[in-house]
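Residue numbers (this note's numbering): 1 to 380.
Glycine included, each C-beta is placed from N, C-alpha and C at the ideal position.
Heads up, the thing below is written out as structure tokens.
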């Protein structure tokens with residue numbers, strides 16, 4: 001059976017060019033980047049080149065990029081690192097109710113350590129309340145952390161506006177951009193971003209490698225003890241092959257950005273339009289336009305999303321009921337709850353996220369399959 005994959009927000013396949021770039025560092029270019037002999041220096045050079053590629057992609061300086069193991073570690077390093085380093089200035093942090101659990105749980109840990117956290121509400125489309133954000137700022141506020149794009153409903157936050165508010169108030173601004181990198185053009189200076197998290201496996205790189213951008217001059221503490229790698233901010237022997245893979249992936253995705261995103265938008269809009277024509281009362285979650293190009297989050301009334309996923313899987317279709325990190329949960333996600341989705345819709349929410357290998361034929365099959373399953377369950 002042919003597998004038709006529509007869960008690119010969960011992970012993406014490693015591109016052939018990325019795999020090709022990584023392979024030498026699993027074999028003959030195996031040197032430890034901290035070693036002084038030739039193959040060690042070659043590994044160090046490869047890391048430096050990957051760092052340059054990441055910096056170029058987001059308009060940063062190469063020395064502002066720190067490699068981590070994943071997006072979650074990047075979020076933790078940003079939030080806890082800034083909190084610990086700046087607590088003498090204040091212990092108040094602002095975030096939103098629809099953040100990834102890496103951000104939410106990092107904030108909860110800080111609350112247990114005496115920090116104060118304000119969790120901003122969002123409207124029915126998933127946008128944070130700017131008015132509430134401004135009102136929440138205190139003299140003790142040291143960090144604002146708002147995700148660039150939501151991993152479930154695809155909503156793109158007004159990052160430049162939030163960044164400008166933070167800059168005017170002298171507050172550091174972090175954004176979890178795990179879903180945004182590769183899908184949105186990002187310039188950290190234009191958007192007034194001080195810290196930015198990313199993960200390679202969301203843009204056709206390998207799993208197990210991420211990066212954190214930290215604006216030069218921003219103080220943050222390391223959260224992992226060990227050696228002095230990553231300018232003494234992230235201990236551990238460098239994962240050279242995967243760092244190379246991240247660099248190659250981010251360069252490749254932005255080289256093909258226009259063609260890639262035009263395709264995703266075309267497939268997304270066609271899917272949404274056809275489903276809404278064929279199945280009554282389907283609700284689109286998130287904003288119609290200000291959303292990730294490949295994200296289509298739809299709620300089907302009177303359908304159980306978990307059952308729908310299993311039925312789709314039997315037909316060779318991979319999709320999601322929400323974020324991959326919480327897809328095993330029976331209750332509606334914190335994101336769907338925060339946007340006020342009623343239970344009848346929340347329980348039948350299907351997230352479809354398109355990628356570069358999807359075709360119009362694949363999408364037609366997806367639409368026909370969903371309609372058949374819906375008709376069998378509801379109309380019979």
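Open item on the list: Please classify residue 227 as buried or exposed, where buried requires at least 16 neighbouring CB atoms within 10 angstroms.
Closed with: exposed
TODO: Taking all protein chains shown into account, decide if residue 36 is buried (16 or more other Cβ within 10 angstroms of its Cβ) or exposed.
DONE: exposed
Task: Which of helix, strand or coil DSSP assigns to residue 225 - done: coil
TODO: Could you spell out the range, first to last residue, of the alpha helix (DSSP H) harbouring residue 274?
DONE: 257-278
Open item on the list: Assuming residue 248 and residue 18 are in contact, meaning their beta carbons sit under 8 Å apart, how far apart are those beta carbons, in whole angstroms?
Closed with: 5 Å
Open item on the list: The alpha helix (DSSP H) that contains residue 22, what's its start and end?
Closed with: 16-22
TODO: Assign residue 334 to one of three DSSP states: helix, strand, or coil.
DONE: helix
Open item on the list: Here's the rule: buried if 16 or more other CB atoms are within 10 angstroms of the residue's CB, otherwise exposed. What is residue 22?
Closed with: buried
TODO: Name the two residues that bound the continuous beta strand (DSSP E) containing residue 119.
DONE: 116-120
TODO: Please list, in chain order, all residues of the same chain as residue 423 whose beta carbon is under 7 Å from its beta carbon, the five residues on each side excluded.
DONE: In the structure as shown, the chain starts at 1 and stops at 380, and residue 423 therefore has no counterpart that could be examined.
TODO: Just confirm the distance between the C-beta atoms of residue 86 and residue 153, as a whole number of angstroms; I'd bet it's less than 8 Å.
DONE: Actually they do not touch by this definition, with Cβ atoms about 32 Å apart.
- [ ] Look up residue 31 in the DSSP assignment and say whether it is helix, strand or coil.
- [x] coil
Task: For residue 173, the first and last residue of its enclosing beta strand (DSSP E) - done: 172-176
Open item on the list: One question on the structure: do residue 174 and residue 79 come within less than 8 Å of each other, judged by their Cβ atoms?
Closed with: yes
Task: Environment of residue 28 [buried if 16+ CB atoms lie within 10 Å] - done: exposed
Open item on the list: Tell me the DSSP secondary structure of residue 185 in three-state form.
Closed with: coil
Task: Assumed close pair residue 244, residue 25 - CB separation to whole angstroms, cut-off 8 Å - done: 6 Å
Task: Nearest-angstrom Cα separation, counted from residue 255 out to residue 350 - done: 31 Å
TODO: Have a look at the DSSP bridge pairing and note the partners of residue 92.
DONE: 116 and 141
- [ ] Taking only the alpha-carbon atoms, compute the straight-line gap between residue 105 and residue 201 and give it to the nearest angstrom.
- [x] 22 Å
Open item on the list: Below 8 Å, how does it come out for the region 57-75 and the region 201-213: are there three or more Cβ pairs, yes or no?
Closed with: yes
- [ ] Let me know if residue 273 comes out buried or exposed under the rule of 16 or more other beta-carbons within 10 Å of its beta-carbon.
- [x] exposed
Open item on the list: Which of the three DSSP states is assigned to residue 4 in this structure?
Closed with: strand
- [ ] In the DSSP assignment, find the beta strand (DSSP E) that holds residue 210 and state where it starts and stops.
- [x] 210-214
Open item on the list: For residue 293, count the other beta carbons within 10 Å of its own beta carbon; 16 or more makes it buried, fewer makes it exposed. Which is it?
Closed with: buried
TODO: Indicate the three-state DSSP secondary structure (helix, strand or coil) for residue 26 in the structure shown.
DONE: helix
Task: Backbone CA spacing between residue 131 and residue 195 [nearest angstrom] - done: 23 Å
Open item on the list: Closest to residue 11 by C-alpha separation, out of 310, 276, 47 and 352, would be which residue?
Closed with: 352
Open item on the list: Tell me the rounded alpha-carbon separation between residue 138 and residue 116.
Closed with: 11 Å
Task: Segment limits, alpha helix (DSSP H) that includes residue 134 - done: 130-136
TODO: Give the secondary structure of residue 345 by DSSP, where H, G and I count as helix, E and B as strand, and everything else as coil.
DONE: helix
TODO: Go ahead and label residue 343 buried or exposed: buried means 16 or more other beta carbons lie within 10 angstroms of its beta carbon, across all protein chains shown.
DONE: exposed
- [ ] Within its chain, find whatever has a CB closer than 8 Å to the CB of residue 4; leave out the 5 residues flanking it on each side and keep chain order.
- [x] 316, 317, 318, 358, 362, 365 and 366
Open item on the list: Whole angstroms are fine: how far does the CA of residue 310 sit from the CA of residue 118?
Closed with: 38 Å
TODO: Take residue 128 and list the residues in its own chain whose beta-carbon comes closer than 7 Å to its own, dropping the five residues that flank it on each side.
DONE: 96, 120, 122, 146 and 157
Task: Distance, residue 161 Cα to residue 169 Cα - done: 12 Å
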